[in-house]
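Notes to accompany the following structure.
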Ligand SMILES: Nc1ncnc2c1ncn2[C@@H]1O[C@H](COP(=O)(O)OP(=O)(O)OP(=O)(O)O)[C@@H](O)[C@H]1O
Ligand SMILES: Nc1ncnc2c1ncn2[C@@H]1O[C@H](COP(=O)(O)OP(=O)(O)OP(=O)(O)O)[C@@H](O)[C@H]1O
Ligand SMILES: [Mg+2]
Ligand SMILES: [Mg+2]
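Residue numbers (this note's numbering), protein chains in the order written: chain A, 4 to 352; chain B, 37 to 391; chain C, 3 to 318; chain D, 15 to 521.
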């Protein structure tokens, strides 16, 4: 076999992801060019705020999908943690930090529970999480029967703006004017948060044995088992980490809206959108192929598509239709490959 | 941001303050035409569609056409970040006014702050915010609940009943409108001195759900003396009919289908009252936004009068239409405000005809 | 004496027992609060079956797709689109129109899943969104008629021999589906394809047609349910299908059909539907707040699946 | 035996009442290559699965280097130095070769997997198994079956086994690789490592092993050193009876004009870069073999004839039609009915979780239907007949087919197709992983079918089978027929020579 150059190999093994990045780049650049205030910090801040929660939830969905399953509870866990956070994120700094910790712990624990049900109850993930999702929503409604809550204002403002505003709010780095902060001053904080979580949590996970086991399970569970990989641990870890990411989404949502809302419809919408984002990001629903970074890109593609309705003049009553058609076309992109398949058996993996 | 000033405000016929202690706002006047955006949330029901069509038609109305240079409507679904994002995007684009139906009564602090910073007039209506920092437009939900209950009591008294069993069909759980309407109903019932047993079921303001839960309630509880339904009232009446339940006084929303049924069965005892949350509210919100941009003094909370009709005042072709679909909402005009886009004009014609 | 039950019948037996438990619990509640037992009256039960028939028909269609290891997320708006288009056309053409919409959506779903090989989870989700968009555009642009036709009213509301006609329709659909699954080549092919598509294909089964066929059945069932539901509500309206998706999936799975395909009996689905309908109804009678409902609903699903017995571990 | 590295004492294992192993005592010594022989379902895989931690014994004790051990998971067995190779079961297709080789104990830096070290290690191990041509960064999915097995071997070696188990792990290897494996096992033997070797190919066992153990019906029959018993004796131990001639007699070659009608004729068949102009003809009553090294296009040729491949070019004449079937469904129901017994019975031949009866009927619904409905009586009769005819050993036809042993599973696949009464039968290595007794039955069946007037195209990776069964053999090399041999001209030398394309084409 001819050895391919490493970039060729990378491209070959990551077509889906590369396509997604290209699509996002084109869509986002065009959007900025059309926007009256394109390529400005304000637009970037707005965009990243809007994308943050769905980006986290899409990352959460990635892990179960890599296992070859689906998590229908991610939106609900986001909602649950959103409600928890709306109760806890106020008071002195230590209390807020504790609240954040407890919020993330809630989601992580819920994910852990999902994992245990899937592993020890041996129930298919999609069904198990359909049920636990309902439980999460129920708990959210118990905590917050009606929308509200008072998240610390400064926190909300600081984390939903640029680095400068963050420094300004908390009087750090000479109120944001320090020379060394200049190069970063215009970067939106949510971007930093997402990148931080992706780099500090996802990347190491992927390079750990547990992370690789997740891929192996999705690709061939029997083989992974026979190879002596820690199957149960990896599955539980995947759902737990999924719960953690969903909690990041819920936490951010609470900070962004300074409140909590046990909205069933919204939870459902986030779950479904997370699946779409995962697919758009080049992760295979069959498992074993893809990455949370791809889902991040997929989530942003979903968002950018809806940005266009605000700058183009499109009949409002046609917008849902256009959105649906664009989604359908986008997920059908990969289909061209299957139409070219010469050996029909290759279709049935 | 707006200055807090003292009243009275402009055009009090139309922009009635909510109560005596409602604050007044005033923005710096700026020259027309303005750029106006409507940020809707959910879009998959007739009320919202009618609202969007009304908004578009009103933007073309001669009274405001010249004052609007650009008009955009987007629907974001029940997704709070998306709605907040859309509002912020329009602020960034330099729009002058943004009308919105909030997906949640909370969580708008950031966009309110940005709107004030950029001198953008943000007007939530229908689902309003739990804040007094923005100008808002709504009907008084508490009053609606009270009116419903008062009507039922009056009809029951006419039958000689001062106690009995009432079915209350509630709306979406957790929603402030649902809560306020229910509080209004119970206030009046509790205060009446009568002995009323109220059975609550959750109908989600949706005909199908309301019909199903009403049918179940009848199967379990037998007959009721009256029904108060927050929404999905057509479904509720269907359930009464299907179960062979006697026609009783009923309080409900303003769906055309419900009014048709009341008109048809009033003789048989379906003494109904119909009060609607009108999709036409959007036009008043737009009008208020423009008025604010012109520098007028505006009440912080604008109360739009309840459009009430009961079995005695229903008239085909005037406040309901037998030849039109059941789903559309009958109340669409507000003459004191010069909002004269009637329901049939919106729903029965294609868009070209409206223009 | 120990009674042994074939593994595929276990869910059916357990779900049936649970139905009884729900009825008893509900009755205990009404006896203690109102002193009557309406839940056990034939009238109440028939009414539950009548309203359950819409869900039942949706679940029957959904089961075809789940047997293939696929899923149909487009049920809600297929149902709505069929109903709204049917009333818009009206008259005698209403039924053919509704079925036509069903067939068209099914063909589209089937094409995407079988030929383009896009996972059904995402393709049908896209189709659902498109259908919703179409209905919004249609309502916005044309203000279509929405009143139920006499046929709809008859099928959904009338009674024959004291039994609602809707139940006969559900029974008819059930008979057809059950016969098809057990006694036709298509039915067997459905199991084979769901079990392992590659092997079914190499056995000379036209697996793509089977997939398309299953999606058409699913959509046609949804359209039928929409047709009936229109009659029941006396009109079609946006959002009428929203309440059917997750319960349909839950009913199929609680009935013992394997979510990954290849295994399941139609009787199970029937009982799954009854279970879900009664559970909802009893919770509603108890005036259970939404939070409690959701928690109970989720717990019931988990508990029942745990009781059914755990799936085999994958080792080969 | 105190010097045993692994020892079983009274091990039993039952599956839902079925005996897989009963009261087995067994031991293997370090530095030996130990063959385990037995019919399908004799309990060989069960034996080694217990050793590898995949299954737990119901009774008995296992000793490792004299100390009692239990392995609750494959991981535990691995840690104890017991490494097991299955056919292709333990490679993960979507991970790279390097990932797979170091899958459970990767080299790490700062706690994370060190990719560079991993690649270096993979290169080293691949070099040891003389597969330098495999790119460690390639996905396993991209490799052919034989390459995958070599990766599997590299992976196994990389784990420093004390005991290396190969369960039919060489069935797909090319002869060069088989030689590599022999050398490797010899090296391991010299290092004192014990190897357990399961294969149904006697010549492999003969060439490689020093000790043989025979199992039958879940019991350990006997263990002896190589050369102690003749092949015939061994076979008798395995299947409990004498096996006469392995292959049924071939009819004498007839002159061309007396041969059966030509059912299939192919000229210049091309498909992508895998098939490069194949000429082939198939007549009634004939068994035509396809020879050659693995991966020379034999599989693709069969698939093309069966309608699985798209864009196949060439001239065809099949049952009067000038086109290839467009799908298996068309192929099986055309005027000339075609059947294919595919390569991998577990994924391509069977719906493992479904009942035996449903698997048997999967290709012939129209046969058992009256009008639109299946007639259960007709179906039952058809199933019973076929089970009888092929002597398939089953409990009940409602059991899932995965409860059958490998050989019986294979018979189900064949029976499924015989039920359609095909004219042309395409067989893709149908005896892989099948015991001698069953093999013999399959050979006999093939000849019977040919005598009934069917045409059979038979690919086998085993030369002996081609020589013993076929009237004619076409040897493929690089997607082309490089040699056609007939009757007595089919010999091992000529087949090997043609497979390597070292021309003796003069003939
Ligand atoms: N998981 C199982 N469930 C039920 N029966 C099983 C299971 N595993 C093995 N068996 C049965 O145990 C017996 C021994 O099987 P085993 O796999 O050990 O045979 P084998 O000697 O490896 O056969 P082959 O030559 O086909 O590989 C067979 O009868 C088989 O049907
Ligand atoms: N889940 C199961 N249920 C019942 N029987 C099983 C199961 N898994 C395996 N078996 C039995 O175990 C035996 C061996 O399984 P294994 O996967 O080792 O097959 P094998 O015959 O060795 O396959 P091959 O030789 O084709 O590689 C089979 O004969 C089968 O009957
Ligand atoms: Mg074996
Ligand atoms: Mg075997």
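By construction, the Cβ of each residue, glycine as well, lies at the ideal position given by its N, Cα and C atoms.
Here the structure is a predicted model, which means the values were calculated and not measured.
Are residue i and residue j closer than 8 Å when you measure CB to CB?
i, j, result
"residue 252 of chain D", "residue 449 of chain D", "yes"
"residue 227 of chain A", "residue 216 of chain A", "yes"
"residue 259 of chain C", "residue 269 of chain C", "no"
"residue 52 of chain A", "residue 259 of chain A", "yes"
"residue 100 of chain B", "residue 324 of chain B", "no"
"residue 30 of chain A", "residue 314 of chain A", "no"
Confirm the yes/no value for this check: CB of residue i, any heavy atom of ligand 1, distance under 7 Å.
i, result
"residue 447 of chain D", "yes"
"residue 29 of chain D", "yes"
"residue 245 of chain A", "no"
"residue 280 of chain B", "no"
"residue 56 of chain D", "yes"
"residue 411 of chain D", "no"
"residue 420 of chain D", "yes"
"residue 13 of chain D", "Since the displayed chain D opens at 15 and closes at 521, residue 13 of chain D lies outside it and no answer follows."
"residue 60 of chain D", "yes"
My assumption, with CB atoms under 8 Å, is that residue i sits in contact with residue j. Please give the rounded CB distance.
i, j, result
"residue 135 of chain D", "residue 121 of chain D", "6 Å"
"residue 210 of chain B", "residue 150 of chain A", "7 Å"
"residue 261 of chain A", "residue 115 of chain B", "The pair is not a contact, with the Cβ atoms about 17 Å apart (cut-off 8 Å)."
"residue 337 of chain D", "residue 330 of chain D", "6 Å"
"residue 316 of chain D", "residue 471 of chain D", "7 Å"
"residue 373 of chain A", "residue 118 of chain A", "One cannot answer for residue 373 of chain A here, as it falls past the ends of chain A, which runs 4 to 352."
Roughly how many whole angstroms lie between the Cα atoms of residue i and residue j?
i, j, result
"residue 198 of chain A", "residue 178 of chain C", "55 Å"
"residue 283 of chain D", "residue 174 of chain C", "52 Å"
"residue 87 of chain D", "residue 249 of chain C", "39 Å"
"residue 96 of chain D", "residue 91 of chain A", "53 Å"
"residue 67 of chain B", "residue 332 of chain B", "13 Å"
"residue 387 of chain D", "residue 405 of chain D", "29 Å"
"residue 431 of chain D", "residue 84 of chain C", "43 Å"
"residue 110 of chain C", "residue 221 of chain C", "10 Å"
"residue 330 of chain A", "residue 91 of chain C", "29 Å"
"residue 127 of chain C", "residue 76 of chain C", "6 Å"
"residue 417 of chain D", "residue 72 of chain A", "27 Å"
"residue 114 of chain A", "residue 119 of chain B", "28 Å"
"residue 373 of chain B", "residue 323 of chain A", "31 Å"
"residue 223 of chain A", "residue 278 of chain A", "21 Å"
Which residue or residues does DSSP assign as beta-bridge partners of residue i?
i, result
"residue 42 of chain D", "D:20"
"residue 346 of chain B", "B:309"
"residue 198 of chain C", "Partner(s): none; residue 198 of chain C has no beta bridge."
Between residue i and ligand 6, is there a pair consisting of the residue's CB and a ligand heavy atom that are separated by less than 7 Å?
i, result
"residue 32 of chain D", "Annotation note on ligand 6: not contained in the displayed structure, which lists ligand 1, ligand 2, ligand 3 and ligand 4 as its ligands."
Give me the subset of the stretch 235-250 of chain C whose CB atoms are less than 7 Å from a CB atom of chain F, sorted by chain position. Judged by its chain identifiers, the structure shown contains no chain F, and its protein chains are A, B, C and D.
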